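2 protein chains.
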Amino acid sequence: MTQSALLSHIIEVAGLPANRLPAAARQMARLSLFDWITVSVAGADQPLAGMIRDFVGADGGTATATIVGSDIRLPARAAALANGTISHALDYDDTHFAYIGHPSVAIYPAALAAAEDVGASGTDLVDAFLVGAEAACRIGMVLGRDHYDAGFHQTATSGAFGATVAASRLYGLDAAALRAALGLVSSRASGLKSQFGTMGKPFNAGAAAANGIEAAGLARRGFTAADDAFDGPQSFLVSHHARPDGAALIKDLDSTQFVFADVRHKLHACCHGTHAMIEALLLLRAMPACHRDQIAQIRVHTAPRWLNVCDIKTPRTGLEIKFSYVFLAAMVMRGVNLAAYDSYDDRACDDPALQALAARVEIIGDDTIADSGTRVEIVCDDNTHLEQSFDLLAPLDPDQLGQRLLAKSAALLGDERAADLWATITNLDHLSAAEIARQLRR
Amino acid sequence: MTQSALLSHIIEVAGLPANRLPAAARQMARLSLFDWITVSVAGADQPLAGMIRDFVGADGGTATATIVGSDIRLPARAAALANGTISHALDYDDTHFAYIGHPSVAIYPAALAAAEDVGASGTDLVDAFLVGAEAACRIGMVLGRDHYDAGFHQTATSGAFGATVAASRLYGLDAAALRAALGLVSSRASGLKSQFGTMGKPFNAGAAAANGIEAAGLARRGFTAADDAFDGPQSFLVSHHARPDGAALIKDLDSTQFVFADVRHKLHACCHGTHAMIEALLLLRAMPACHRDQIAQIRVHTAPRWLNVCDIKTPRTGLEIKFSYVFLAAMVMRGVNLAAYDSYDDRACDDPALQALAARVEIIGDDTIADSGTRVEIVCDDNTHLEQSFDLLAPLDPDQLGQRLLAKSAALLGDERAADLWATITNLDHLSAAEIARQLRR
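If you're matching them up, the sequences are chains P and C in order. Those letters in the first sequence? Residues 412 to 853, by the working numbering. Those letters in the second sequence? Residues 412 to 853, by the working numbering.
What follows is the structure in structure tokens.
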């Protein structure tokens, strides 16, 4: 694939008619919308949410798009900035491993704001998100781990391109205007991974979403940009450390073969590196042979890279619990709902029963286990031995996933609001984007 | 200098009290304000100006800051985006060679919008710009040509930091909040050189200015960002190809030793690489010994790198004239005002007298000549031989510079408007920023 063919490849994906969008990916996009609204509303009371609402609210402007956690409406670009930032506040949103980023928090805020702006339907909103997310996944693959390791936050950089694709589809840009928009956002896409642990991380997502509205809005008015800004000699790809063989990775992908379908949703409000263990333990815990009160030892085999990330042995705060294999293992076995944000309370660190069980958990780095996998053993006092492997990338049953996302939503927002949101998303083909956006309000 | 000392160095510059700002740099900042308003208003009818005004105008919002070439007022962030973009439309604004960029177009739009927002004085506006421009120059030096050659447009990247410093000073941020703002803008600073020749280039300047308002506005509300986002291990500097020895270049600079004072203003509406030649020819033309109508040959010695930039031998459009040594040389000797934008008309390419003279101009690459310099020889029919060297970096008399900027302004805006603008800038210590901003209006 030559360089300019890369942009044409993205533009082809962006322009797919609705009836050619793959059904499995569409279904995942709907579940991602449900999940994105859940984590957005759940994060709407975080301190940064108030700050960014105040920032865009002070500017005011046309009442175009909904702002999470408020009753005010603001211009689409302001809404994208605020909603993208707020929705990533809890770090509880979806992930795509090939993209190396979080699709929904960068792209849904742009898609929803643009959809409200033009009065689009719920169906068109999801489809615009989907082609944007697919574009972001493919560009994320082209950028690869080279880009990530150089210091860039793919959620924000690749996400800005995805947000541009989504917004451009809703604003009705033709291929030439979309090409200009992608050229323009090549100058705008940014975001550093060094922001992790600060408000700068969610801000990266909001900035990406706003970049999409901005690039689409300017290209829509005739703005031009360099044809080779994305992938020419001194382009975004070259200057931002894209992997040298990146284009080859996607050249054989059919435009309708959506990698986005592999998106994964966080079902527990803690570090993603612990999720495979939690899933395996939940399966073990449900086994009749598991004597939950007589556990002698739990052995967790995990990819060694996680040992530097989420192996805090003695957490002292709720935040540290999120990065503590041993404590999380104890919490699962004691029946704590790890989907609920409130479970990660500082006081849980002092619970003697959890401390005692955590002390019997051993974490073992194992090179043969994938980053997304785990193997867990439980030995009971009577020498019963149970074992369970789990891989987060294993295929998911969408109905089962939907039920778990609904349970997550209920844990975060309460049963009633979660059910109402579920009914809205289930019914989205009969609703306008504006009616869906009402779910974001206070 | 350790890495974190670099940020402290910038913060020290940003916080200098007015009475410690060096007088020469302050005077240049005032001349830059005059020149920036001149080129902004002169560019206000360009097609991109209408597009970006329409884009921000559609969003509306609080009537805070003036938009170039209109009677509407919009939020500061919108004004910074629009005014930065419009002011760089003609590519006729100031340049700083060490910064490798254009200070005014990225920083004045942010400073002016913030100054209008808080009701600051004209003096405070200029001083805020000045510390922002000095920060941008120093960061530009740290980034160096490595960054530029990697594909980045320093005007936009380094400019975003300068815009943040300027806006933060006007919004009254303390050192801790400024540090957060600089951390935040480390995630936002962007802009590619591959946009040159498209609307993407001026957009880069507008985006930088808007980034400054955004980072300052969020940090002002308590937003946090990573301490090491600017210069830590996976920071902006590292990921964006800063020169490895960059910090050493500024470590011995006293905080009040302002490199910004070396800013240079474009006095001719054509490629900067031709300006030294034009200045030398203007001096030769004024010599009594110069027989203007009997020129046998003009020989222009120039730095070889310019031969790839501005040595079009047979320009076919007004735009190509701007990159044509031989044609510009002919125009100078025929008394054409190269400060005037209208002089670069497509029809000038067909002028037989200009063509004939251009054919007698020889351009010679010479490694011993600096990028900012030239040596020009004129040989007349009677064998009179005249020679003149010129270096754009040679010290300037500020009064003489002021008169030339006034003449440039008159060539672009007409005598009356230029005189009115000059009176305003001369009197700026007695005016508010809002009163100065009125000069931007239609």
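Glycine is no exception: its CB is placed at the ideal position from the N, C-alpha and C atoms. Because the structure is a prediction, the values reported are computed rather than measured.
Contacting residues, own chain, Cβ-Cβ under 7 Å from residue i (five flanking each side not counted)
{"i": "leucine 418 of chain P", "result": "Arg590, Leu593, Phe641 and Asp642"}
{"i": "threonine 667 of chain C", "result": "Leu427, Arg431 and Pro433"}
{"i": "alanine 586 of chain C", "result": "Ile422 and Gly426"}
{"i": "aspartate 778 of chain C", "result": "Pro715"}
{"i": "aspartate 639 of chain C", "result": "Ser646"}
{"i": "proline 655 of chain C", "result": "none"}
{"i": "threonine 496 of chain C", "result": "Leu459, Ile463, Pro613, Phe614, Ala616 and Gly617"}
CA nearest to the CA of residue i, picked from the options
{"i": "alanine 440 of chain P", "options": "P/Val542, P/Ala714 and P/Arg464", "result": "P/Val542"}
{"i": "glutamate 625 of chain C", "options": "C/Gly573, C/Asp665 and C/Asp673", "result": "C/Gly573"}
{"i": "histidine 712 of chain P", "options": "P/Met552, P/Val772, P/Leu581 and P/Ala524", "result": "P/Val772"}
{"i": "leucine 804 of chain P", "options": "P/Gly784, P/Leu817 and P/Gly454", "result": "P/Gly784"}
{"i": "alanine 621 of chain P", "options": "P/Ala844, P/Ile511 and P/Leu492", "result": "P/Leu492"}
{"i": "proline 613 of chain P", "options": "P/Met462, P/Ala588, P/Asp638 and P/Ala700", "result": "P/Met462"}
{"i": "proline 644 of chain P", "options": "C/Ala561, C/Arg632, C/Leu807 and C/Tyr755", "result": "C/Ala561"}
{"i": "arginine 828 of chain P", "options": "P/Ala844, P/Arg849 and P/Ser843", "result": "P/Arg849"}
{"i": "glycine 611 of chain P", "options": "C/Ala630, C/Ala636 and C/Ala474", "result": "C/Ala636"}
{"i": "tryptophan 717 of chain P", "options": "P/Leu823, P/Ala781, P/Val450 and P/Ile847", "result": "P/Ala781"}
{"i": "alanine 525 of chain P", "options": "C/Ala618, C/Asp470, C/Arg488 and C/Asp792", "result": "C/Asp470"}
{"i": "aspartate 761 of chain P", "options": "P/Ile847, P/Ala627 and P/Glu731", "result": "P/Glu731"}
{"i": "glycine 776 of chain C", "options": "C/Thr685, C/Asp831 and C/Ala821", "result": "C/Thr685"}
{"i": "glycine 608 of chain C", "options": "C/Leu823, C/Leu693, C/Asp557 and C/Leu501", "result": "C/Leu501"}
{"i": "arginine 703 of chain C", "options": "C/Val790, C/Gln766 and C/Phe734", "result": "C/Val790"}
{"i": "histidine 558 of chain P", "options": "P/Ala517, P/Val596, P/Val529 and P/Lys604", "result": "P/Lys604"}
{"i": "phenylalanine 671 of chain P", "options": "P/Gly480, P/Ser515, P/Gly602 and P/Glu798", "result": "P/Ser515"}
{"i": "alanine 453 of chain C", "options": "C/Ser481, C/Val467, C/Phe466 and C/Ala522", "result": "C/Ser481"}
{"i": "arginine 853 of chain P", "options": "P/Val424, P/Leu444 and P/Thr477", "result": "P/Thr477"}
Proximal residues of chain P, C-beta to C-beta of residue i below 7 Å
{"i": "leucine 459 of chain C", "result": "Phe634"}
{"i": "proline 520 of chain C", "result": "Under the 7 Å cutoff, chain P gives no residues; its nearest Cβ is about 16 Å from proline 520 of chain C."}
{"i": "phenylalanine 540 of chain C", "result": "Simply none; closest approach about 22 Å."}
Bridge partners - residue i, DSSP secondary structure assignment
{"i": "isoleucine 789 of chain P", "result": "P/Ile709 and P/Leu797"}
{"i": "arginine 675 of chain C", "result": "C/Thr506"}
{"i": "aspartate 722 of chain C", "result": "C/Ser735"}
{"i": "aspartate 704 of chain P", "result": "None; aspartate 704 of chain P has no bridge partner."}
{"i": "phenylalanine 563 of chain C", "result": "C/Leu603"}
{"i": "aspartate 802 of chain C", "result": "C/Gly784"}
{"i": "serine 843 of chain P", "result": "P/Ser532"}
Other residues of its chain near residue i: CB distance less than 6 Å, five sequence neighbours each side excluded
{"i": "glutamine 438 of chain P", "result": "Pro809"}
{"i": "leucine 550 of chain P", "result": "Per the sequence presented here, residue 550 of chain P reads as isoleucine, with leucine not at that position. Contacts found: Ser569 and Phe572."}
{"i": "alanine 429 of chain P", "result": "Asp538"}
{"i": "tyrosine 519 of chain C", "result": "Trp447 and Phe540"}
{"i": "methionine 412 of chain C", "result": "Caution is warranted here: a pLDDT of 43 is assigned to methionine 412 of chain C, below 50, making its placement in the model unreliable, and the coordinate value is therefore given only provisionally. For methionine 412 of chain C, where only same-chain residues beyond five positions count, the Cβ hits under 6 Å are Ala658 and Lys662."}
{"i": "phenylalanine 801 of chain P", "result": "Ala687, Glu690, Ala691 and Thr785"}
{"i": "alanine 600 of chain C", "result": "Thr568 and Ala571"}
{"i": "proline 486 of chain C", "result": "Gly472, Thr473 and Thr475"}
{"i": "serine 415 of chain P", "result": "none"}
Beta-carbon neighbours of residue i, restricted to chain C and to distances below 9 Å
{"i": "aspartate 639 of chain P", "result": "Ser605"}
Chain P residues whose Cβ lies nearer than 9 Å to that of residue i
{"i": "glutamine 645 of chain C", "result": "Asp560, Ala561, Gly562, Phe563, Leu603, Lys604 and Ser605"}
{"i": "asparagine 463 of chain C", "result": "In the sequence as presented, asparagine is not what sits at residue 463 of chain C; that position holds isoleucine. Within chain P, the residues near isoleucine 463 of chain C are Leu629, Arg632 and Phe634."}
8 Å Cβ cutoff, residue i in contact with chain B
{"i": "aspartate 810 of chain P", "result": "This model lacks chain B altogether; the protein chains it does include are P and C."}
Partner residues on chain C for residue i, Cβ-Cβ distance less than 8 Å
{"i": "phenylalanine 614 of chain P", "result": "Leu595, Ser598, Leu629, Phe634 and Ala636"}
{"i": "glycine 471 of chain P", "result": "Gly471, Gly472, Thr473 and Pro486"}
{"i": "alanine 618 of chain P", "result": "Ser598 and Arg599"}
Contacts of residue i in chain C (Cβ-Cβ under 7 Å)
{"i": "valine 711 of chain P", "result": "Here the premise fails: no neighbours, minimum Cβ distance about 29 Å."}
{"i": "serine 415 of chain P", "result": "Going along chain C, no residue has its Cβ under 7 Å from serine 415 of chain P, so there is no contact; the nearest lies around 13 Å."}
{"i": "aspartate 609 of chain P", "result": "What sits at residue 609 of chain P in the sequence shown is threonine, not aspartate. Result: Thr635, Ala636 and Ala637."}
{"i": "valine 649 of chain P", "result": "Gly562"}
{"i": "phenylalanine 466 of chain P", "result": "Gly628, Leu629 and Arg632"}
Neighbourhood of residue i by C-beta distance below 8 Å, restricted to the same chain and skipping five residues each side
{"i": "leucine 842 of chain P", "result": "Ser532, Gly533 and Thr835"}
Closer than 7 Å: residue i CB and nearest the ligand FMN heavy atom
{"i": "methionine 742 of chain C", "result": "The ligand FMN is not part of this structure, which contains no ligands at all."}
At 3 residues or longer, and completely inside the stretch 759-787 of chain P: list those beta strand (DSSP E) runs for me, N to C. 772-776
Entirely within the stretch 438-524 of chain P and at least 3 residues each: give me those beta strand (DSSP E) ranges in chain order. none
Alpha helix (DSSP H) segments (min. 4 residues) lying fully within the stretch 569-616 of chain C: 586-597
Counting only runs of 4+ residues fully inside the stretch 619-659 of chain P, write out the alpha helix (DSSP H) ranges in chain order. 647-650
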